[in-house]
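To keep things clear, I will list the structure first and then write my remarks on it.
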Amino acid sequence: MNVKRKIALFLVSCIWLSGCHQEKHDKNKELTEIALGVILYNPYQKIVPTAGSITISSIASSGYNSRAFNPQCTGVTGNTTFEFFRKQIVPNNTNLVINFMGGGACWDNANCFGNTTTTYFNQLNAVPDLFVKFAFRGIMNETAASNPFKNYDVIFIPYCTGDLHVGHKSNSYVNPLTGGTVVINHYGYDNVLSVLQYIQQNYTNVQTVFVIGQSAGGYGAILNYPVVRETIKGINSSAQVRMLSDASNGIVPPTGTPQAFFPNLNSKWGVETAHNLPTWVTGIASDYTSNAANNASIDDFFKKVATYYSGDRFGQYAAIFDGNQRFFYNVMGQINKVNASTLTYTDASTSDPYDVGRTYSSLFGDSDATSMTDGTSTSSNDFSSCDWSKQAITKMKGVATANSSNYRYFLAPGDVHTITTSDSMFTLGSGGSDFTTWLTNLAMGSIPGNVECSDNSGSCVSSNLNSNTVDTNLKQATSDQSYASSRSLYTACGGFSGLGL
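First residue of the sequence shown: 1, per UniProt numbering; consecutive thereafter.
Okay, here's the thing in structure tokens:
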């Protein structure tokens, strides 16, 4: 019997029979055991794939007539074996969510090592399997009545490769703490192919698929969307496939500059050498990430993929002052300084000036970006908070203009990073629109409009806030710099017009 139902029946029978007092000790013990069973019950089946190959007939000319894969994690202690998770709601379910887990990235000596400077999730095998059940709710919460995916099976793809789920390369890095060379395996794309093979074999009746990812997983969702989509269509040509990228705006030093980020996708992660790019998509050439002439970017990739798959739907979500995305933008700027020898690497920590007992990286700052410089309404490409927000808004609007028929964005207030694996998604609103309703329509209803926190009276910064001292005390999204002046980031960045709303 389902353990939750057993608890309910037991309580009802106790009330009906008025006999609980006679067996109080035994019944309390039974209740404790049942409650423990509920806690320990894991609806997710862990699957450990092995090396193999996949055939995707529709893109066989691109090498998928028999594409080999070798699933694995980076190879550091506690992060060696790739495993993914499946939650089955009903047998032979025709509805499926494919969720890419987030967890930062590793692309440089300066951010692949250290106690305070490692910026990617590298302990997949060190956490209990139950972490999926407790850490990821929202769209994965089948008990939430307003969850549009409560009846969908879930394939959850953990992240243990530091490569945005797209790599196929063993890369050598120099640990700045020891001076020794360390090989890190970036095989995220192989992991994805192993999952797709499993879907081919176990979801032969699939009809509706929603592809989604948060943070680094949001990049994985869009960068892998073409191969995921072709796999699903190979199973059922009439299947509906749609996607959302959650908190993955790709604000990076642009291609063509000395500090460009996108060439790392090949030089560090091997996406071009291993032929991991969807070259069948018009405009995605085999040298897309490394050739400056291609102007590679996440918003450009969105445009090309949405144009090619004009019958599908694409979405992006972001909070206007997303703290963790701003943090990573700052990390890129700091790494560039280290590599230019204008800044010395350090793994030291520093104390937060407002949160007593809290420390963070002296090199990269606080992961919620409160220590990051604000910038101004005119700042551009300077690794400031205002610069990140303005670029995020501009680029989402640019994709929306280029793909007005099948792309939508939801720009939320505040500075919280990601929303779709948190139950907070069920109460989030922006610009008068409810996020859950918007997401439901994007996935399965009439395509919604674009949403943004466009009210210049403060709605962009008065909700969806990080639980730090400065935000809590000011009751608005702010920073250490602005908090000292009792102002929000909205005001610091020039308000309505300065942000391009």
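Using N, Cα and C, we set each Cβ at its ideal position, and we do this for glycine too.
Inset, instruction - Flag E83 as yes if its beta-carbon sits less than 7 Å from any beta-carbon of chain B, otherwise no. - result: Absent here is chain B; the protein component of the structure consists of one chain.
Legend entry - Same chain only: Cβ atoms within 6 Å of S170, ignoring 5 sequence neighbours per side: The residue given as residue 170 occupies position 170 in the sequence shown. If the five residues before and after S170 are omitted, its C-beta is found closer than 6 Å to the C-beta atoms of V183, N185, all from its own chain and listed in chain order.
Inset, instruction - Identify every run of the beta strand (DSSP E) within the region 52 to 113, keeping only runs that are complete inside it and at least 3 residues long; order them along the chain. - result: With a minimum length of 3 residues, the continuous beta strand (DSSP E) runs that stay inside the region 52 to 113 are 52 to 54, 67 to 69, 84 to 87, 95 to 100.
Legend entry - Chain-order list of residues whose beta-carbon lies under 6 Å from that of R487 (same chain, five-residue window excluded): Here residue 487 refers to the residue found at position 487 when the sequence shown is read from its first residue. If we look at R487 and ignore the five residues flanking it on each side, it has no Cβ neighbours.
Inset, instruction - List the residues that DSSP assigns as beta-bridge partners of F156. - result: Position 156 of the sequence shown, counted from the start, is the residue given in the question as residue 156. In the DSSP assignment, the residues bridged to F156 are F85, N99.
Legend entry - Complete runs of the alpha helix (DSSP H) confined to the region 159 to 240 [at least 4 residues]: If one requires a minimum length of 4 residues, the alpha helix (DSSP H) runs lying completely within the region 159 to 240 are 188 to 202, 216 to 223, 225 to 235, in chain order.
Inset, instruction - Could I get the ranges of all uninterrupted alpha helix (DSSP H) runs contained in the region 113 to 138, with 4 residues as the minimum, in chain order? - result: Counting only runs of 4+ residues, the alpha helix (DSSP H) found wholly inside the region 113 to 138 occupies 131 to 135, in chain order.
Inset, instruction - Note down, in chain order, each residue of its chain lying with its Cβ closer than 7 Å to the Cβ of K303, except the 5 sequence neighbours on either side. - result: If you number the sequence shown from 1, residue 303 lands on position 303. Short of 7 Å from the beta carbon of K303, and not among the five residues preceding or following it, lie these beta carbons of its own chain, in chain order: V399, A402, N403.
Inset, instruction - Tell me the start and end of each unbroken alpha helix (DSSP H) in the region 281 to 321 that is at least 4 residues and wholly inside, in chain order. - result: If only uninterrupted alpha helix (DSSP H) runs of at least 4 residues are considered, those enclosed by the region 281 to 321 are 298 to 308.
Inset, instruction - Compute the beta-carbon to beta-carbon distance between V470 and Y354, rounded to the nearest angstrom, for a pair I have assumed lies under 8 Å. - result: One-based indexing of the sequence shown puts residue 470 at position 470. One-based indexing of the sequence shown puts residue 354 at position 354. The Cβ separation is near 5 Å, so the contact holds.
Legend entry - Coarse secondary structure for D347, derived from DSSP in three states: In the sequence shown, the residue the question calls residue 347 occupies position 347. Residue state, collapsed to three classes: coil.
Legend entry - Y173 beta carbon less than 7 Å from that of C73: Counted from its first residue, the sequence shown places residue 73 at position 73. Counted from its first residue, the sequence shown places residue 173 at position 173. One thing to note: C73 has its Cβ no nearer than 7 Å to the Cβ of Y173.
Legend entry - Residue from N79, A340, K46 whose Cα sits closest to the Cα of C160: Mapped onto the sequence shown, residue 160 falls at position 160. Selected option, being the one with the closest Cα: N79.
Inset, instruction - Look up Q391 in the DSSP assignment and give the residues it is bridged to. - result: Numbered from 1 along the sequence shown, position 391 holds the residue referred to as residue 391. According to DSSP, Q391 bridges with nothing at all.
Legend entry - Presumed contact (8 Å Cβ cut-off) between I199 and I251, rounded CB distance: If you number the sequence shown from 1, residue 199 lands on position 199. If you number the sequence shown from 1, residue 251 lands on position 251. No, I199 and I251 are not in contact; Cβ-Cβ is about 32 Å, not under 8 Å.
Legend entry - Among P148, V48, A105, S58, nearest to M425 - alpha-carbon criterion: Along the sequence shown, read from residue 1 onward, the residue named residue 425 stands at position 425. When each option's Cα is compared against that of M425, the closest is P148.
Inset, instruction - Excluding the 5 residues preceding and the 5 following Q476 in the sequence, name in chain order all residues of the same chain whose CB lies nearer than 6 Å to its CB. - result: In the sequence shown, counting from the first residue as 1, residue 476 sits at position 476. Within the same chain, Q476 has close Cβ partners V461, S462, S488.
Legend entry - Residues near I59 in its chain [Cβ-Cβ closer than 7 Å; skip 5 each side]: Position 59 of the sequence shown, counting from 1, holds the residue named residue 59. Cβ-Cβ distances below 7 Å link I59 to E230, W280 in the same chain, with the five nearest sequence neighbours on each side left out; the list follows chain order.
Inset, instruction - Please classify S361: does DSSP put it in a helix, a strand, or coil? - result: For the purposes of this step, residue 361 is taken as the residue at position 361 of the sequence shown. It is a strand residue.
Legend entry - From N450, K337, Y360, S248, residue whose alpha carbon lies closest to that of Q391: Numbered from its first residue, the sequence shown carries residue 391 at position 391. Considering only alpha carbons, the answer is S248.
Inset, instruction - Rank G138, T344, C386 by C-alpha distance to the C-alpha of V435 and give the top, closest one. - result: Residue 435 sits at position 435 when you count from the first residue of the sequence shown. Sequence inspection shows Phe at residue 435; the Val mentioned does not correspond to that position. Comparing Cα positions, the closest option is G138.
Legend entry - Counted within 10 angstroms of its Cβ, other Cβ atoms place A293 as buried (16 or more) or exposed: By one-based count along the sequence shown, residue 293 stands at place 293. By the 10 Å Cβ count, A293 comes out exposed.
Inset, instruction - Give the single residue among G432, S485, G323 whose Cα lies nearest to the Cα of D368. - result: The residue given as residue 368 occupies position 368 in the sequence shown. Ranking the options by Cα distance to D368, first place goes to G323.
Legend entry - Bounding residues of the alpha helix (DSSP H) (the contiguous stretch that carries Q259): In the sequence shown, counting from the first residue as 1, residue 259 sits at position 259. Q259 -> no alpha helix (DSSP H), and no H or E assigned at all.
Inset, instruction - Determine the contact status of V211 and Y225, defining contact as a CB-CB distance below 7 Å. - result: Within the sequence shown, residue 211 is the residue found at index 211, counting from 1. Within the sequence shown, residue 225 is the residue found at index 225, counting from 1. Yes, these two residues count as a Cβ contact at 7 Å.
Inset, instruction - Classify I335 as helix, strand or coil using the three-state DSSP reduction. - result: On the sequence shown, position 335 is the one that residue 335 refers to. Helix at I335.
Legend entry - C-alpha distance - T204 paired with G52, whole-angstrom precision: Residue numbering aside, residue 204 sits at position 204 when the sequence shown is read from its first letter. Residue numbering aside, residue 52 sits at position 52 when the sequence shown is read from its first letter. Rounded to whole angstroms, T204 to G52 spans 19 Å at the Cα level.
Inset, instruction - Would you mind sorting I447 into buried or exposed? The rule is 16 or more other CB atoms within 10 Å of its CB. - result: On the sequence shown, residue 447 is found 447 positions in, with the first residue counted as 1. The residue in question, I447, is exposed, as its Cβ has fewer than 16 Cβ neighbours within 10 Å.
Legend entry - Alpha carbon of M444 to alpha carbon of F301, nearest angstrom: To locate residue 444, count along the sequence shown from 1; it is residue 444. To locate residue 301, count along the sequence shown from 1; it is residue 301. In a straight line, the C-alpha of M444 is about 24 Å away from that of F301.
Legend entry - Helix, strand or coil at F410 [DSSP, three-state]: For this step, residue 410 is matched to residue 410 along the sequence shown. In the three-state reduction of the DSSP assignment, F410 falls in the strand class.
Inset, instruction - Give the DSSP-derived three-state secondary structure of R242 in the structure shown. - result: For the purposes of this step, residue 242 is identified with residue 242 of the sequence shown, where counting begins at 1. If DSSP states are grouped into helix, strand and coil, R242 belongs with the strands.
Legend entry - Beta-carbon contacts of S380 that lie in its chain and below 7 Å, excluding the five residues immediately before and after: To locate residue 380, count along the sequence shown from 1; it is residue 380. Within the same chain, S380 has close Cβ partners D387.
Inset, instruction - May I ask you to verify whether the region 239 to 248 touches the region 212 to 221, counting CB pairs closer than 8 Å and requiring at least 3? - result: Enough Cβ pairs lie closer than 8 Å, so yes.
Legend entry - Residue range of the beta strand (DSSP E) that includes Q45: The residue you call residue 45 lines up with position 45 of the sequence shown. For Q45, the uninterrupted beta strand (DSSP E) segment begins and ends at 44 to 47.
Inset, instruction - Name, in chain order, the residues that DSSP records as bridge partners for E452. - result: What you label residue 452 is simply residue 452 of the sequence shown in a count that begins at 1. For E452, which the question treats as bridged, DSSP gives the partners L411.
Inset, instruction - Return the first residue and the last residue of the alpha helix (DSSP H) that N151 is part of. - result: Reading the sequence shown from its first residue, position 151 is the one you call residue 151. It is not in any alpha helix (DSSP H) - N151 carries neither H nor E in the DSSP assignment.
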